[in-house]
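Take a look at the structure below.
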Amino acid sequence: MEIEVVLAVLMFATAIGALLAGFPVALTLGGVALLFALIGGVLGVFPTGLLRLIQLRMIGTMENQVLVAVPLFVLMGVILERSKVAEDLLHIASRLLARLRGGPAYAVVIVGALLAASTGIVGATVITMTLIALPTMLRQGYDPRLASGTIAASGTLGQIIPPSIVLILLSDAISNANQRASVAAAGRPSAVSVGDLFAGALIPGLALVGLYLAYIAFLSVTRPSTCPPLAQTDAIDAPSGKEIVFGLGAPLLLILAVLGSILGGIASPTEASAIGAGGAALLAGLRVSNETETRLQPLILAGLGSIFLLLVLAELMDLRIGRQTISVADQIAMVLAGFAIVTFFAGLIASALVLMKTDRFGPALTSAVHITSMVFLILIGASLFALVFRGYDGDILVMGLLQATPGGLWGALALTMLVMFLLGFFLDFIEIVYVVVPLVAPPLILLGADPVWLAILMALNLQTSFLTPPFGFALFYLRGAAPDDLATIDIWRGAIPFIGLQLTMIGLVAAIPALATWLPSLSSS
Amino acid sequence: MADLFLAIGTGLQWLGILLSPVLVLPLAILLWPTQPSARFSSLHRLLDTISGGAQRLAMLAAVIMVLAQLAVVIVRHVYGLAFSWLDETVIYAFASVFLLGAAGALREDAHVRVDILRGRFSARRRAVIELFGIYVFVFPIGILVLWAVEPSLSRSWAGFEGSRESDGLPIYYLFRSLIPAFGILLILQGLGNALKMALGLRGLDTLPTMTGDGPAEAL
Numbered sequence: 055m056e057i058e059v060v061l062a063v064l065m066f067a068t069a070i071g072a073l074l075a076g077f078p079v080a081l082t083l084g085g086v087a088l089l090f091a092l093i094g095g096v097l098g099v100f101p102t103g104l105l106r107l108i109q110l111r112m113i114g115t116m117e118n119q120v121l122v123a124v125p126l127f128v129l130m131g132v133i134l135e136r137s138k139v140a141e142d143l144l145h146i147a148s149r150l151l152a153r154l155r156g157g158p159a160y161a162v163v164i165v166g167a168l169l170a171a172s173t174g175i176v177g178a179t180v181i182t183m184t185l186i187a188l189p190t191m192l193r194q195g196y197d198p199r200l201a202s203g204t205i206a207a208s209g210t211l212g213q214i215i216p217p218s219i220v221l222i223l224l225s226d227a228i229s230n231a232n233q234r235a236s237v238a239a240a241g242r243p244s245a246v247s248v249g250d251l252f253a254g255a256l257i258p259g260l261a262l263v264g265l266y267l268a269y270i271a272f273l274s275v276t277r278p279s280t281c282p283p284l285a286q287t288d289a290i291d292a293p294s295g296k297e298i299v300f301g302l303g304a305p306l307l308l309i310l311a312v313l314g315s316i317l318g319g320i321a322s323p324t325e326a327s328a329i330g331a332g333g334a335a336l337l338a339g340l341r342v343s344n345e346t347e348t349r350l351q352p353l354i355l356a357g358l359g360s361i362f363l364l365l366v367l368a369e370l371m372d373l374r375i376g377r378q379t380i381s382v383a384d385q386i387a388m389v390l391a392g393f394a395i396v397t398f399f400a401g402l403i404a405s406a407l408v409l410m411k412t413d414r415f416g417p418a419l420t421s422a423v424h425i426t427s428m429v430f431l432i433l434i435g436a437s438l439f440a441l442v443f444r445g446y447d448g449d450i451l452v453m454g455l456l457q458a459t460p461g462g463l464w465g466a467l468a469l470t471m472l473v474m475f476l477l478g479f480f481l482d483f484i485e486i487v488y489v490v491v492p493l494v495a496p497p498l499i500l501l502g503a504d505p506v507w508l509a510i511l512m513a514l515n516l517q518t519s520f521l522t523p524p525f526g527f528a529l530f531y532l533r534g535a536a537p538d539d540l541a542t543i544d545i546w547r548g549a550i551p552f553i554g555l556q557l558t559m560i561g562l563v564a565a566i567p568a569l570a571t572w573l574p575s576l577s578s579s
Numbered sequence: 011m012a013d014l015f016l017a018i019g020t021g022l023q024w025l026g027i028l029l030s031p032v033l034v035l036p037l038a039i040l041l042w043p044t045q046p047s048a049r050f051s052s053l054h055r056l057l058d059t060i061s062g063g064a065q066r067l068a069m070l071a072a073v074i075m076v077l078a079q080l081a082v083v084i085v086r087h088v089y090g091l092a093f094s095w096l097d098e099t100v101i102y103a104f105a106s107v108f109l110l111g112a113a114g115a116l117r118e119d120a121h122v123r124v125d126i127l128r129g130r131f132s133a134r135r136r137a138v139i140e141l142f143g144i145y146v147f148v149f150p151i152g153i154l155v156l157w158a159v160e161p162s163l164s165r166s167w168a169g170f171e172g173s174r175e176s177d178g179l180p181i182y183y184l185f186r187s188l189i190p191a192f193g194i195l196l197i198l199q200g201l202g203n204a205l206k207m208a209l210g211l212r213g214l215d216t217l218p219t220m221t222g223d224g225p226a227e228a229l
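Going down the list, the sequences are from chains A and B.
Quick note on the numbering used here: the first sequence kicks off at 55 and runs consecutively.
Quick note on the numbering used here: the second sequence kicks off at 11 and runs consecutively.
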């Protein structure tokens, strides 16, 4: 066997071994790659000059307009979480559904999907829901397995329901892979955009929510003892109208607006994410100003109102500057819009002040900076890893392996899915996206897989992996936040039905690619 | 002018090489036959302060990123205008967030780890792994980054390389300098963490405990 092949395989094995030692993943991936590049350099089988390319890779990431959406969505999620807007959402939804058999479980699934859609942060979503919903459900007499399974599964919805952060990263990786495949096949270069992936994930994501809800409904009929409704004698404080409008309606509207503007092609994901972050800041300011003495609340409300004024003005009038003739009405509208913009930014500043006063601004910002740094350090480390692996022709090795797999596309796909599922036990979505996808996606696309379909299958697959005992991330988070008297084995057994639902969904998407490809094809045509 | 910046670049390179023996300090503390002085903890606090300062800049950059991107959206969708300098402000702020924030995240242990075995290790074992990782992974990556940018960066500074757009920001050379800044911050924070571990292993500092629930903010 050639020494390059040996080194490439050894590098992969070393990386996995080193990762288990528990040093930060991003640095381990990059460091192991660098080590093997140097070894290869000494042996004369690796052109170390290739390593200078890391600078170009980094600049490529730094200038990537699409990836700007990642920190903005992170910020949106962190703000909603820190200001307890997310918590309120769950409280109000479960109080609304308290009398219904299975009500709190429905609330968890729906809020999980919404929260997830706003943040995509599995850990935070699972922990929040475990702390708030789990005790209530257990007190109400729920089967602990159903309660914990619902929470863990709903928490992972964040990865598949747009605008998920990992889907943005996946679209970046899949798009590069698709270009590589197109070049190799000498033709049909087609871009895969974030919008395509969001659109592709929408039907499978919503179908999953539907499956979860249907499963709970099924249980509430066949085994009513697992999810008893709140006893009639227990008083519940029904949420007030104000709570429903601001606590439930406003975040819902924000999330739908962000998602709708992307899918409708009105705004790019980056633009929508900025609106999401700004809107979240205003909602957070409003929420927090309720609990402290402040005169800034009207200004925040005005800021929210100005968004609607801007939307109406931009819809009704022609506000474009730089035209030959501008009618008086348009001129007035333009000035009005100017006032609305000033009000909007004033509202934002007021929100920031309120959040600062209650000591939430700094922590939220720190947390957003940490998460962003974490994501992009992985991106840098993984691209170093990919660079060296490719320097050893590791990509050709993987391609040969996949093409030699019996069963053509389906065989290669099944093998890839299995490997990714297992990797999902100890690697995060982002690492897998940037280490594995660049290697396996080009050959699979060359074998005839549609890039969007492939990406959605991968996302569903990883989501399932994170839910699978004993190593699933979501289960770890749940265990960490759950009361001690909830047995770990119950958490594991609770996840099993949901894994079944996940596998059903993967099977459906695999069998009917249109589930993933139909919506994107509409928006591109 | 070009010569000046090339000379400065070479000077900085030599400065780096001259200072690099400091990186051995944590190992020296670990292996020194007599009890080392506790004064070294003030060095690691200084290094923490540096990454803390960079993190504050990253937080500021995050705020600028949001406001500038909102401005981009509003002027485009309301007035139909676009400005390269505004787009570039977003991009520069975005890159600053993670390149300046990475070291602070390293200090506060915000980078994802694989926790399957880690929870079962003793505090000492974790500290040894930490030291090993810093020397074998962090320092080499930091040095690689500096080595990779070195030739082209001096030229970029020499010409005060600006934007490719006529209405862009004239500070492309500063944008590119974020990469070596990232490398230097990473090395410094690696040194700081290594010092902490070495002092901890010699009983002069507390060894960090596991947070328990792992990367609480992982995606």
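Each residue gets a CB set at the ideal place from its N, CA and C atoms; glycine is no exception.
From this set, A:Gly212, A:Gln213, A:Pro189 and A:Leu211, which residue's C-alpha is nearest A:Ser202's C-alpha?
Just measuring C-alpha positions, the residue of A:Gly212, A:Gln213, A:Pro189 and A:Leu211 sitting nearest A:Ser202 is A:Pro189.
To which residues of the same chain is B:Leu229 closer than 8 Å at the C-beta, ignoring the five residues directly before and after it?
At B:Leu229 the pLDDT is 45, less than 50, meaning the model places this residue with poor confidence; the figure from the coordinates comes in the next sentence. Within the same chain, no residue comes within 8 Å of B:Leu229 by CB-CB distance, once the 5 residues on both sides are set aside.
Roughly how many angstroms separate the alpha carbons of B:Gly213 and B:Phe131, rounded to a whole number?
One alpha carbon belongs to B:Gly213, the other to B:Phe131, and they sit about 18 Å apart.
By alpha-carbon positions, which one of A:Pro496, A:Gln213 and A:Thr204 ends up nearest to A:Ile548?
Note that residue 548 of chain A is Gly in the sequence shown, not Ile. When each option's Cα is compared against that of A:Gly548, the closest is A:Thr204.
For A:Thr571, which residues of its own chain have a beta-carbon under 7 Å away from its beta-carbon, when the five flanking residues on both sides are left out?
Once the five neighbours on either side are set aside, the close Cβ partners of A:Thr571 are Gly254, Asp504, Val506 and Trp507.
May I ask which residues mark the beginning and end of the alpha helix (DSSP H) holding A:Pro282?
Per DSSP, A:Pro282 lies in no alpha helix (DSSP H) and is assigned neither H nor E.
Which chain B residues are close to A:Ser427, counting only those with a beta carbon under 8 Å from its beta carbon?
Close to A:Ser427, with beta-carbon spacing below 8 Å, are these residues of chain B in chain order: Ala68, Val107, Phe108, Gly111, Ala112, Gly114, Ala115, Ala120 and His121.
Contact check, A:Thr184 vs A:Leu169 under 8 Å by CB: the rounded distance?
That belief does not hold up - the Cβ atoms of A:Thr184 and A:Leu169 are roughly 13 Å apart, past 8 Å.
Within 8 Å (strictly less), CB to CB, does A:Ala528 reach chain B?
No - not a single Cβ of chain B is within 8 Å of the one on A:Ala528.
B:Trp95: buried (16+ other C-beta within 10 angstroms of its C-beta) or exposed?
The residue is exposed, with fewer than 16 neighbouring Cβ atoms inside 10 Å.
List the residues of chain B whose Cβ lies closer than 7 Å to the Cβ of A:Arg106, in chain order.
In chain order: Ala158.
Flag this pair as yes or no: are the beta carbons of A:Ile40 and A:Ala231 separated by less than 8 Å?
Here chain A covers residues 55 to 579 and nothing more, so residue 40 of chain A does not appear.
Step through the CB atoms of chain A and report whether any lies within less than 8 Å of the CB of B:Gly26.
It does not: the Cβ of B:Gly26 has no partner Cβ on chain A nearer than 8 Å.
Does any C-beta atom of chain B lie closer than 8 Å to the C-beta of A:Thr412?
Among the CB atoms of chain B, none fall inside 8 Å of the CB of A:Thr412.
State yes or no: is the C-beta of A:Ile146 within less than 8 Å of the C-beta of A:Ile298?
Yes, these two residues count as a Cβ contact at 8 Å.
Residue-level contact to chain B via CB, A:Ala140, 8 Å cutoff
Not a single C-beta of chain B is nearer than 8 Å to the C-beta of A:Ala140.
Taking C-beta pairs closer than 7 Å, name the residues in chain A that B:Tyr89 reaches, listed in chain order.
Against chain A, a Cβ distance below 7 Å from B:Tyr89 picks out Leu373, Arg374 and Ile375.
Write down the C-beta distance between A:Ala356 and A:Leu373 rounded to the nearest angstrom, noting that I regard them as a contact closer than 8 Å.
That pair is no contact at about 20 Å.
Assigned secondary structure, B:Thr216 (DSSP; H/G/I helix, E/B strand, else coil)
If DSSP states are grouped into helix, strand and coil, B:Thr216 belongs with coil.
Expressed to the nearest angstrom, what Euclidean distance is found between the alpha-carbon atoms of B:Ala92 and B:Leu67?
Their Cα atoms are separated by approximately 27 Å.
Secondary structure at B:Thr44, three-state DSSP: helix, strand or coil?
Coil at B:Thr44, not helix or strand.
So what does DSSP say about A:Gln194, is it helix, strand or coil?
If DSSP states are grouped into helix, strand and coil, A:Gln194 belongs with coil.
Assuming contact is defined by CB atoms lying nearer than 8 Å, are A:Val128 and A:Ile425 in contact in what I supplied?
Closer than 8 Å, so yes.
Touching by the beta-carbon criterion (3+ pairs, under 8 Å), the segment 80-88 of chain B and the segment 163-182 of chain B
No contact exists between the segment 80-88 of chain B and the segment 163-182 of chain B.
Going by Cα to Cα distance, which pick from B:Val82, B:Glu118 and B:Ala113 is closest to B:Ile101?
It is B:Val82 whose Cα lies nearest to the Cα of B:Ile101.
Between the Cα of A:Leu104 and the Cα atoms of A:Arg136, A:Leu151, A:Arg444 and A:Leu97, which residue gives the shortest distance?
Closest option to A:Leu104, Cα to Cα, is A:Arg444.
Where does A:Ile434 sit, in a helix, a strand or coil, going by DSSP?
It is helical.
Only counting the same chain, and skipping five residues up and downstream in sequence, which positions put a Cβ closer than 7 Å to that of A:Ala564?
If we look at A:Ala564 and ignore the five residues flanking it on each side, its Cβ neighbours are Leu511.
Comparing alpha-carbon positions, which option in B:Leu53, B:Asp177, B:Phe104 and B:Asp13 lies nearest B:Met69?
It is B:Phe104 whose Cα lies nearest to the Cα of B:Met69.
Assuming the contact rule is C-beta atoms closer than 8 Å, A:Val246 and A:Ile228 should be a hit. Round their C-beta distance to whole Å, please.
That belief holds up - the Cβ atoms of A:Val246 and A:Ile228 are roughly 5 Å apart, short of 8 Å.
Same chain only: Cβ atoms within 6 Å of A:Ser327, ignoring 5 sequence neighbours per side
The residues are Ala123, Leu126 and Phe127.
Closer than 8 Å, Cβ to any Cβ of chain B: which residues of the segment 384-397 of chain A, in chain order?
Within the segment 384-397 of chain A, Met388, Ala391 and Ile395 place their CB atoms closer than 8 Å to a CB of chain B, listed in sequence order.
Going straight from the alpha carbon of B:Ile39 to that of A:Ala75, what length do you get?
Taking the CA atoms as reference points, B:Ile39 sits about 23 Å from A:Ala75.
Rounded separation between A:Gly98 and A:Ser437 - CA only
Cα to Cα, A:Gly98 sits roughly 22 Å from A:Ser437.
May I ask which residues mark the beginning and end of the alpha helix (DSSP H) holding B:Asn203?
Where B:Asn203 is concerned, the enclosing alpha helix (DSSP H) starts and stops at Tyr182 to Leu211.
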